[in-house]
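J.: In this text, residue positions in the sequence shown follow the numbering used here: the first is 3, and each later residue adds one.
Even glycine gets a Cβ: it sits at the ideal position worked out from N, Cα and C.
Owing to the predicted nature of the structure, the values given are computational and were not obtained by experimental measurement.
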Amino acid sequence: MALDPLLLDILACPDDKGPLYYFESENSLYNPRLKRRYRIDDDIPVMLVDEAETVTDAEHDRLMARVGDEELRPTFDPSA
Numbered sequence: 003m004a005l006d007p008l009l010l011d012i013l014a015c016p017d018d019k020g021p022l023y024y025f026e027s028e029n030s031l032y033n034p035r036l037k038r039r040y041r042i043d044d045d046i047p048v049m050l051v052d053e054a055e056t057v058t059d060a061e062h063d064r065l066m067a068r069v070g071d072e073e074l075r076p077t078f079d080p081s082a
């Protein structure tokens, strides 16, 4: 099941307070600025810095390619 769009509109990285990318098929939210991935367990985002995974450069590149290929939008626009 996908995360509620209203929830996605307000989700931010707990560390830098910036927007995230939602990868539904991977059950994760990703912060490209910190190369940090947050898992989603049973449709509940685990937004704890200590529980996040720091990804490799290769994984970052793969995720950002998906962002471009799938035209994913961040959870919110920080300039708005």
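Determine the burial state of residue 57: buried for a count of at least 16 other Cβ atoms within 10 Å of its Cβ, exposed for fewer.
T.: Stepping through the sequence shown from its first residue, residue 57 is reached at position 55. Under this definition residue 57 is a buried residue.
J.: With H, G and I counted as helix, E and B as strand and the rest as coil, what does DSSP make of residue 65?
T.: In the sequence shown, counting from the first residue as 1, residue 65 sits at position 63. DSSP places residue 65 in helix when its eight states are reduced to three.
J.: Does the count of Cβ pairs from the segment 37-54 and the segment 68-75 closer than 8 Å reach three?
T.: Verdict: no, contact absent.
J.: For residue 38, collect the residues of the same chain with a Cβ closer than 6 Å to its Cβ; drop the 5 residues on either side in sequence, then sort them by chain order.
T.: Position 36 of the sequence shown, counting from 1, holds the residue named residue 38. Excluding residues within five positions, the ones whose Cβ falls inside 6 Å are 54 and 56.
J.: Below 8 Å on the Cβ atoms is my guess for residue 23 versus residue 36; work out the distance and round it to an integer in Å.
T.: For this step, residue 23 is matched to residue 21 along the sequence shown. For this step, residue 36 is matched to residue 34 along the sequence shown. With a Cβ gap of about 12 Å, residue 23 and residue 36 do not count as contacting.
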